[in-house]
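Under this note's numbering, the first residue of the sequence shown carries the number 32, and numbering increases by one thereafter.
One structure is given below, encoded as structure tokens.
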Amino acid sequence: MRQRRRATARRAPAHRAREFEAFVAGAAGRLLHAATLLTAEPPARNPRAQELLTAALAATYTRWDRLRGEDPYDIARQELTERFARAAWRFPRARDGLLSALTPRERLVLVLCLYEGIGEERTAALLGLPVERVRALGTRAVRAMRARARRRDGGAATDGR
């Protein structure tokens with residue numbers, strides 16, 4: 032009986048590790064893209080985004096055994112956004128990235144609301160901000176991106192008004 036329990040105990044960590052590896056294989060690309068948008072680095076050169084993703088996945092792995100009916104992608108995304116928010120001062124406005132014209136908080140709101148498709152209410156709860164503040168940050172971020180597109184296109188783009 033003891034031998035059977037020991038054999039089961041040895042298989043369980045390997046099984047959990049395979050589950051986590053499968054999760055990472057499926058989710059890492061999208062999470063890395065979100066991290067790259069948050070850090071405002073160009074996709075070809077994104078060491079800060081990779082560092083942020085690695086830390087978020089490591090934290091997710093430590094919680095892996097305790098996930099009961101929770102979506103691991105939500106947990107990993109939450110880890111990613113919390114780590115970015117805590118260390119936003121380390122991610123100043125870059126010159127090359129897609130969202131480089133935005134402040135770190137604007138990037139965070141834009142990525143969560145538009146790229147990840149999270150509603151303003153849930154984004155506000157995740158960030159600990161009032162919904163009105165999230166809405167204002169999102170509006171300001173979109174306005175800045177439209178202005179950047181107009182400058183890049185020589186004034187050809189319109190702001191939709």
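Beta carbons: idealized from backbone N, C-alpha and C, even for Gly.
- Around Cys144, the same chain offers Glu151, Thr154 and Gly169 as residues with beta carbons nearer than 7 Å, after the five sequence neighbours per side are excluded.
- In the structure shown, Gly185 falls within a coil segment according to DSSP collapsed to helix, strand and coil.
- Nearest to His46 by alpha-carbon distance, out of Ala90, Trp95, Ala65 and Glu72, is Trp95.
- The Cβ atoms of Ala87 and Ala107 sit closer than 8 Å to each other.
- Between the alpha carbons of Leu69 and Pro44 lies a gap of roughly 33 Å.
- Cα atoms of Ala167 and Arg182: separation of roughly 23 Å, rounded to the nearest angstrom.
- Taking 8 Å as the cut-off, the Cβ atoms of Leu111 and Leu84 count as close.
- Distance from the CA of Ile149 to the CA of Gly185, rounded to the nearest whole angstrom, comes to 32 Å.
- If you draw a straight line from the Cα of Glu113 to the Cα of Leu158, it is about 8 Å long.
- At a Cβ-Cβ threshold of 8 Å, Pro78 and Thr67 do not count as neighbours.
- Selection Pro135, Ala156 and Arg97 evaluated against Ala65 yields Pro135 as nearest (Cα-Cα).
- Around the beta carbon of Glu147, a 10 Å sphere encloses 16 or more other beta carbons of the protein chains shown; the residue is thus reported as buried.
- When only Cα atoms are considered, Arg117 and Ser131 end up about 19 Å apart.
- Per DSSP, Thr85 is one residue of the alpha helix (DSSP H) stretching across Pro78 to Arg94.
- At a Cβ-Cβ threshold of 8 Å, Glu137 and Ala180 do not count as neighbours.
- Here Gly128 is buried, its C-beta having at least 16 other C-beta atoms within 10 Å.
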